[in-house]
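Residues in the sequence shown are numbered consecutively from 0, following numbering that gives the first Met the number 0. Report on one structure; see the data block that follows.
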Amino acid sequence: MSAELPAVRTAQARVSARIGAIAESATLAVDAKAKALKAAGRPVIGFGAGEPDFPTPDYIVAAAIEAARQPKFHRYSPAAGLPELKAAIAAKTLRDSGYAVDPAQVLVTNGGKQAVYQSFATLLDPGDEVLVPTPFWTTYPEAIRLAGGVPVEVFAGPEQGYLVTVEQLEAATTERTKVLLFVSPSNPTGAVYSPEQTREIGQWAAAKGLWVITDEIYEHLTYDGVPFTSIATAVPELGDRVVILNGVAKTYAMTGWRVGWMVGPADVIKAATNLQSHATSNVSNISQMAALAAVAGPLTAVDEMKVAFDRRRKAMVAGLNAIEGIDCPTPHGAFYAYADVRGLLGKELGGIRPATSAELAALILDKVEVAVVPGEAFGPSGYIRLSYALGDADLAEGVARLQEFLGTAK
Ligand code: PMP
Numbered sequence: 000m001s002a003e004l005p006a007v008r009t010a011q012a013r014v015s016a017r018i019g020a021i022a023e024s025a026t027l028a029v030d031a032k033a034k035a036l037k038a039a040g041r042p043v044i045g046f047g048a049g050e051p052d053f054p055t056p057d058y059i060v061a062a063a064i065e066a067a068r069q070p071k072f073h074r075y076s077p078a079a080g081l082p083e084l085k086a087a088i089a090a091k092t093l094r095d096s097g098y099a100v101d102p103a104q105v106l107v108t109n110g111g112k113q114a115v116y117q118s119f120a121t122l123l124d125p126g127d128e129v130l131v132p133t134p135f136w137t138t139y140p141e142a143i144r145l146a147g148g149v150p151v152e153v154f155a156g157p158e159q160g161y162l163v164t165v166e167q168l169e170a171a172t173t174e175r176t177k178v179l180l181f182v183s184p185s186n187p188t189g190a191v192y193s194p195e196q197t198r199e200i201g202q203w204a205a206a207k208g209l210w211v212i213t214d215e216i217y218e219h220l221t222y223d224g225v226p227f228t229s230i231a232t233a234v235p236e237l238g239d240r241v242v243i244l245n246g247v248a249k250t251y252a253m254t255g256w257r258v259g260w261m262v263g264p265a266d267v268i269k270a271a272t273n274l275q276s277h278a279t280s281n282v283s284n285i286s287q288m289a290a291l292a293a294v295a296g297p298l299t300a301v302d303e304m305k306v307a308f309d310r311r312r313k314a315m316v317a318g319l320n321a322i323e324g325i326d327c328p329t330p331h332g333a334f335y336a337y338a339d340v341r342g343l344l345g346k347e348l349g350g351i352r353p354a355t356s357a358e359l360a361a362l363i364l365d366k367v368e369v370a371v372v373p374g375e376a377f378g379p380s381g382y383i384r385l386s387y388a389l390g391d392a393d394l395a396e397g398v399a400r401l402q403e404f405l406g407t408a409k
C-alpha cells in the first residue's frame with residue numbers, strides 16, 4: 000500500500016480543517032480518565048461526570064424491554080421520531096414550559112447533543128454570530144463553528160452570579176448577530192436566571208430581531224425555591240423565533256439512552272429533519288419508547304433525585320468555600336458547582352505553582368486522585384467545575400482530599 004498518491008492528493012491534509020479544529024470534549028475526557036484510573040484500581044473520586052448517579056427508573060426500563068420484543072420496533076421508523084413520542088413531547092412542553100406546540104414542531108434527536116448541533120446547523124450561515132453567555136457548556140462553540148457560525152463569548156464572572164446582563168449582550172452584538180443562546184439552569188455554573196432577568200433578556204433579543212436557542216435540559220433541577228422560567232413562554236414577543244432544546248438524560252437519569260429533542264417553528268424543524276434524515280435517521284426505537292414512558296409519566300423520580308442533589312450541593316459548596324483561595328457562589332440549579340480558584344493560582348502546591356486552572360486540575364488529579372474539570376473547557380482559565388451528582392460518601396471523601404491538599408485556613 001505504499002503506492003504514491005498523485006501530487007495533487009498529497010498536498011491535501013489527511014483530516015479536514017473543519018473537523019481537525021474540533022477539540023475533544025474536555026468533560027468527557029476528564030470523565031474517561033477518571034474512569035480508567037478507577038478501573039486500574041486507583042481510588043479516584045470523580046467530580047467530572049455530567050450525569051446523575053441513579054439508575055433509570057424501573058418503569059422506564061420495562062417500557063424499553065417491552066418495545067424490544069415488538070418486531071415493528073426492529074425496523075426503521077420516521078426520521079423525526081415516533082409519532083406517539085412527538086405528541087408526548089408536545090404535551091410535556093406545554094406542561095413544563097407553558098409553550099403550546101404541534102407534534103410537527105418536534106424533532107427527536109440522538110440526545111440533547113444532536114439537538115444542539117442540528118439547531119445551529121439549521122439556523123446559521125457562514126459568518127453568522129451567536130451570543131454565547133460564558134462560562135458555556137463545552138459543546139456549544141464547537142457546534143456553532145461546525146455550522147460555519149462564530150461564537151461570541153459574553154463573560155459573566157462569580158461577582159455577577161455568572162449571569163450576563165442586557166448591557167453586556169448589547170455590547171457584544173453586531174450586524175452579523177443572529178442567535179442568542181440562553182441556558183438556565185446552566186451547565187457549567189448552575190446559575191439560574193430569575194423570571195425578571197429572563198424577560199428582560201428575551202425582550203431585548205426580541206427587539207433586536209434575534210433568534211433564541213434555549214437549552215432547557217436542567218429545567219427540573221432547581222433548588223432553594225428558585226423557579227425555572229422558559230424564555231419561550233416568558234417572552235411572547237419572540238414570536239416563533241425560538242428553538243427549545245431538551246432531553247431525558249438529566250431528568251430521568253437516562254444519559255446512556257440518547258434521547259433528546261428540538262422544538263421550534265415547523266419550517267426549521269422540517270429543515271433539521273431533512274439534515275437528520277441523512278445523518279442518523281431515527282433514534283433507536285427502543286430508546287424512544289423508554290423516553291415515551293419517561294416524558295408521559297410522573298416526575299417523582301426527579302423529585303427524589305433532587306432531594307439528594309440538594310443535600311450534596313450544600314455539602315460541596317460549604318466544603319469548597321472552607322478552602323482558602325476558593326470562592327464558590329451557591330448554584331441554584333443543575334448539579335454543578337463552579338468554583339473560582341484564581342486565589343490558588345501561583346501558590347505553591349505539592350511542589351508546583353499552577354499558573355492555570357488546567358494545571359491545577361491536573362495537579363489535583365495527580366496528587367490526590369480527585370477529578371475536576373478545568374475552566375478552560377468552558378471559557379477562561381481560573382475556575383473548576385465539580386459535579387455533585389455522586390454518592391454522599393464519595394463527595395465527602397473528595398472534598399476532604401481537596402481541603403487537605405489545598406488547605407483550609409478560613
Ligand atoms: N445541554 C446541556 C446544558 C448539557 O449539560 C448536556 C449534557 N452534558 C446536554 C445538553 C446534552 O445531553 P445529552 O446529549 O446527554 O442528552
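Each residue gets a CB set at the ideal place from its N, CA and C atoms; glycine is no exception.
Please determine whether the Cβ atom of D214 lies at a distance below 7 Å from any heavy atom of the ligand PMP. yes
From the DSSP output, in three-state form, read off N284 for me.
helix
The stretch 31-51 in contact with the stretch 280-290 per 3-pair CB rule at 8 Å
no
Exercise. Is the stretch 293-306 touching the stretch 342-352 in the sense that three or more CB pairs, one from each, lie closer than 8 Å?
Worked result: no
Original post:
For S15, which three-state DSSP category applies?
Top reply: coil
Q. What is the rounded straight-line gap between the Cα of M0 and the Cα of K32?
A. Bear in mind that a pLDDT of 48 at M0, under 50, signals an unreliable position, so the number given afterwards is only what the model happens to contain. Spanning the two alpha carbons is a distance of roughly 35 Å.
| said: Quick check: E152 and T164, are their CB atoms within less than 8 Å of each other? | reply: no
Exercise. With a Cβ-Cβ cutoff of 8 Å, do D30 and G45 count as a contact?
Worked result: yes
Would the beta-carbon of W203 be found less than 7 Å away from any heavy atom of the ligand PMP? no
6 Å Cβ shell around P187 - same chain, five flanking residues per side excluded: P134, Y335, Y337, F377, R384
Distance between beta carbons of S356 and S380, contact taken as under 8 Å: 5 Å
As a quick exercise: from R310, R68, Q104, V14, pick the residue whose alpha carbon is nearest that of K269.
Q104
- Item | W210 CB to nearest heavy atom of the ligand PMP below 7 Å | no
| field | Rounded straight-line distance, which links the Cα of V294 to that of K91 | value | 7 Å
Let me know the secondary structure DSSP gives E358 once reduced to three states.
-> helix
Exercise for the section: With a cut-off of 8 Å on the beta carbons, I'd call F72 and M253 a contact; round off their distance for me. Expected result: With 8 Å as the limit, F72 and M253 do not qualify as a contact, their Cβ atoms being about 17 Å apart.
Report task. Would you tell me roughly how many angstroms separate the C-alpha atoms of E368 and E375, rounded to the nearest one? Result -> 20 Å
- prompt: S96 lies in the alpha helix (DSSP H); which residues open and close that run?
  reply: 82-96
Look up D326 in the DSSP assignment and say whether it is helix, strand or coil. strand
* Asked: Are three or more beta carbon pairs between the stretch 66-82 and the stretch 386-406 nearer than 8 Å?
  -> no
Requested in this report: Check whether the Cβ of K366 lies closer than 7 Å to any heavy atom of the ligand PMP, and answer yes or no.
Outcome: no
- Item | Exposure label - N359; buried when at least 16 CB within 10 Å | The displayed chain sequence assigns Leu, not Asn, to residue 359. That one is buried.
State the DSSP-derived secondary structure class of F72, mapped to helix, strand or coil.
helix
Considering only the alpha carbon of each residue, which of S15, A25, P42 lies closest to A392? P42
### Task
With DSSP collapsed to three states, give me the class of D393.
helix
* Asked: Just to check, is the beta-carbon of N281 closer than 7 Å to a non-hydrogen atom of the ligand PMP?
  -> no
query: Quick one: what does DSSP say R144 is sitting in, helix, strand or coil?
result: helix
Inset, instruction - Helix, strand or coil for T121, going by three-state DSSP, please let me know. - result: helix
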